[in-house]
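Visitor: Under my numbering, the very last position in the sequence shown is 432; numbers go up by exactly one each time.
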Amino acid sequence: MTKPLVMIAGGGIGGLATALTLHQIGVDCVVFESVRDLKPLGVGINLQPNAVRELIDLGIDAALLDQVGVPAKEWALVGLNGNDVYAEPRGLDAGYNWPQYAVHRGEFHMLLYRLVRERIGADAVKLGTRVTGYRNNPDGSVTADLEHADGSTSQHNGALLIGADGIHSAVRATMHPAQPPIHWGGAVMWRGTTWAKPIRTGSSFVGLGTHRQRMVIYPISHPDPETGLAMINWIAEVTYDDPNARENTGWFGQVEIDDFAHHFDGWAYDWLDVPALIRGADVAYENPMIDRDPISTWCDGAALLIGDAAHAMYPTGSNGASQAIIDARILGASMIEHGVTPAALAAFDAQLCGPVSALILRNRGAGPFGLLNMVDERCGGVFDDIDAVIPAQERAAFMAGYKKAAGFAIEALNSAAPTLAPGAKVPAA
Ligand SMILES: Cc1cc2nc3c(=O)[nH]c(=O)nc-3n(C[C@H](O)[C@H](O)[C@H](O)COP(=O)(O)OP(=O)(O)OC[C@H]3O[C@@H](n4cnc5c(N)ncnc54)[C@H](O)[C@@H]3O)c2cc1C
4 MTKPLVMIAG
14 GGIGGLATAL
24 TLHQIGVDCV
34 VFESVRDLKP
44 LGVGINLQPN
54 AVRELIDLGI
64 DAALLDQVGV
74 PAKEWALVGL
84 NGNDVYAEPR
94 GLDAGYNWPQ
104 YAVHRGEFHM
114 LLYRLVRERI
124 GADAVKLGTR
134 VTGYRNNPDG
144 SVTADLEHAD
154 GSTSQHNGAL
164 LIGADGIHSA
174 VRATMHPAQP
184 PIHWGGAVMW
194 RGTTWAKPIR
204 TGSSFVGLGT
214 HRQRMVIYPI
224 SHPDPETGLA
234 MINWIAEVTY
244 DDPNARENTG
254 WFGQVEIDDF
264 AHHFDGWAYD
274 WLDVPALIRG
284 ADVAYENPMI
294 DRDPISTWCD
304 GAALLIGDAA
314 HAMYPTGSNG
324 ASQAIIDARI
334 LGASMIEHGV
344 TPAALAAFDA
354 QLCGPVSALI
364 LRNRGAGPFG
374 LLNMVDERCG
384 GVFDDIDAVI
394 PAQERAAFMA
404 GYKKAAGFAI
414 EALNSAAPTL
424 APGAKVPAA
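#1: Does any C-beta atom of chain C lie closer than 8 angstroms to the C-beta of Phe386?
#2: Alpha carbon to alpha carbon, what distance is there between Ala190 and Gly205?
#3: Taking three-plus beta-carbon pairs below 8 angstroms as touching, is the segment 165–176 in contact with the segment 304–313?
#4: What I want to know is whether the C-beta of Phe351 ends up closer than 7 angstroms to one or more non-hydrogen atoms of ligand 1.
#5: Below 8 angstroms on the Cβ atoms is my guess for Arg108 versus Ile63; work out the distance and round it to an integer in Å.
#6: Have a look at Ala199 and Leu232 and give me their C-alpha separation to the nearest angstrom.
#7: Relative to the C-alpha of Ile329, which residue among Leu61, Pro278 and Ile185 is closest?
#8: Give me the residue from Asp294, Ala313, Gly82 and Glu340 with the minimum Cα distance to Val429.
#9: When the distance is taken between beta carbons, is Val34 closer than 8 angstroms to Val128?
#10: Checking the sheet assignment: what are the DSSP bridge partners for Leu212?
#11: Leaving out five residues on either side along the sequence, give the residues of the same chain with a beta carbon under 7 angstroms from the beta carbon of Ile298.
#12: Suppose you measure from the CA of Ser418 to the CA of Ala391; what does that come to, to the nearest Å?
#13: Ordered along the chain, which non-local residues of its own chain (more than five positions away) have a Cβ less than 7 angstroms from that of Ala167?
#14: Quick check: Trp187 and Met292, are their CB atoms within less than 8 angstroms of each other?
#15: Count the other CB atoms, across all protein chains shown, that sit within 10 Å of the CB of Arg117; report buried if there are 16 or more and exposed otherwise.
#16: With three or more beta-carbon pairs closer than 8 angstroms as the criterion, would you say the segment 355–375 touches the segment 156–164?
#17: Going by DSSP in three states, Asp387 sits in which element: helix, strand or coil?
#18: Can you round the beta-carbon distance between Leu348 and Ile333 to whole angstroms, since I take them to be within the 8 angstroms contact cut?
#19: Within a Cβ cutoff of 6 angstroms, which residues of the same chain sit near Ile170, ignoring the five residues on either side of it in sequence?
#20: Please return the same chain residues whose Cβ sits closer than 6 angstroms to the Cβ of Ala287, not counting the five positions on each side in sequence.
#21: Compute the minimum distance between the beta carbon of Asp126 and the heavy atoms of ligand 1, and state whether it is under 7 angstroms.
#22: Which same chain residues end up closer than 7 angstroms to Asp268 when comparing Cβ atoms and leaving out the 5 residues on each side of it in sequence?
#23: Quick test of the definition: if touching needs 3 or more C-beta pairs under 8 angstroms, does the segment 79–95 touch the segment 393–402?
#24: Which whole-angstrom value is the C-beta distance of Ala75 and Ala105, which I expect to be below 8 angstroms?
#25: When burial is assigned at 16 or more other CB atoms within 10 Å of the CB, is Lys406 buried or exposed?
#26: Per DSSP, Asn236 forms a beta bridge with which residues?
#27: If you reduce the DSSP assignment to three classes, tell me which class Phe35 lands in.
#28: Does the Cβ of Gly212 have 16 or more other Cβ atoms within 10 Å, making it buried, or fewer, making it exposed?
#29: With a threshold of 7 angstroms, establish whether the CB of Val378 neighbours any heavy atom of ligand 1.
#30: Going by the CB atoms, is the gap between Phe208 and Trp78 shorter than 8 angstroms?
#31: Flag Phe35 as yes when its Cβ comes closer than 7 angstroms to any non-hydrogen atom of ligand 1, and as no otherwise.
#32: Is Gly17 close to ligand 3? I mean its beta-carbon at under 7 angstroms from any heavy atom of the ligand.
#33: Between Glu343 and Val134, which are expected to be in contact by the criterion C-beta below 8 angstroms, what is the C-beta distance as a whole number of angstroms?
#34: Looking at His171 and ligand 1, is the gap between the Cβ and the nearest heavy atom below 7 angstroms?
#35: Could you please give the first and the last residue of the uninterrupted beta strand (DSSP E) stretch that includes Thr156?
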């Protein structure tokens, strides 16, 4: 009897984390990735402690993560006057049993790709192979429609199809043909990286500005021992009044720094020079803040959506990539319980679709940056003493609510059993 095969559409972070998880639990899989060549694309992303725990359980330890990023020590919101609105420790410093990592998305992605090839095989990821749709078969299996880089087409059968094909997912479009277009709320981000001296703790995530215009700044490498300079990821963000004013559906378009740097003229402090940081980058990318409206289900027979295909969300909570990794692991746990079956997908959907969809809407409401909205409502963004505007207890309660919803409450994570017990395998059918 041949072993059931799981097909994965998309070799991004979610798809590759799924492949590594399935390999760990003894399930055969193949990844179809549309691009002909995977390159280290993107800039900084955060891997929250819940996701780092899963990576460590996958054998991706601190030594490997230190090659692509740096443990995060602090999360801070700072007003335009340079005064703290809120600051808290992160990762191990906050009491988590696992660190939080700020990593270069592209380098982390390449690390996963290398591990998939080493562990599963050089042809585990079929590059230049786009999944264009699927159909459930009467025998319970699923057929994926494939389009190859040379323009030819073919079909591939499997026990299950996991749609990890990102925000423009073809698997999702097949599952929900009437879904609304991508949603844009009016904010535009410009992103880049610059070699500079790390600020504050040396590994702080800093959100600086107001609810309508801000900079997010954090290092994504250890400092160079000779120069002390680290690769600093920055995101310059402006909210426009008219969300219909522009076409906004893409991820990364390269832009001229002069096109946007003027928004941040004068943002210079004795501890941080924002204009210099922006102008120190070699390239910058424009990246509209887009997501998708939640859908009622991510599951259709033997097909399932995970990662951004299921729940593309605003990056305000720094949890898009982390949730894609968590998805992969919960899917693995579901297969341990239900086998390589549609029942495993249905159980995954029942557990995650509701709460993660709520998180999409919560992130639309500014996520943890909502504290800046509160500052604006109460004092127009101008303050000397933050305690007089939002008492410390209220600020802490706001953040605790967010972390609980996003699944990274400290005690809950530290005391939770591993998602996949060490050595667990899917029982033979
Ligand atoms: C090039 C790129 C750069 C990014 N840079 C950043 C960044 O700097 N900061 C940030 O916060 N987030 C970034 N993201 C998004 C971030 O990686 C995701 O939000 C998160 O990691 C969830 O990953 P995912 O695997 O679900 O989706 P994605 O990371 O989007 O991966 C989806 C994968 O599927 C492939 N694909 C798409 N359609 C098909 C198809 N029909 N058939 C087969 N394969 C398909 C894509 O080529 C891609 O490799 C980026 C995404 C991409 C694709």
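We put the CB at the ideal spot given by N, CA and C, even for glycine.
Guide: This is what the structure holds:
#1: No chain C appears in the structure shown, which is made up of a single protein chain.
#2: 28 angstroms
#3: yes
#4: no
#5: The pair is not a contact, with the Cβ atoms about 15 angstroms apart (cut-off 8 angstroms).
#6: 5 angstroms
#7: Leu61
#8: Glu340
#9: yes
#10: Sequence inspection shows Gly at residue 212; the Leu mentioned does not correspond to that position. DSSP lists Arg217 as partners of Gly212.
#11: His179 and Gln182
#12: 36 angstroms
#13: Ile11, Ala12, Gly13, Gly15, Gly17, Gly18, Thr21, Ile309, Gly310 and Ala312
#14: yes
#15: exposed
#16: no
#17: coil
#18: With a Cβ gap of about 11 angstroms, Leu348 and Ile333 do not count as contacting.
#19: Asp311 and Ala315
#20: Trp193, Gly195, Val258 and Ile260
#21: no
#22: Pro278
#23: yes
#24: 5 angstroms
#25: buried
#26: Thr196 and Tyr221
#27: strand
#28: buried
#29: no
#30: yes
#31: yes
#32: Absence of ligand 3 from the depicted structure is noted, with ligand 1 being the only ligands included.
#33: It is worth fixing the name first, because residue 343 is Val in this sequence and not Glu. So it is not a contact: roughly 19 angstroms between Cβ atoms.
#34: yes
#35: Thr156 to Gly161
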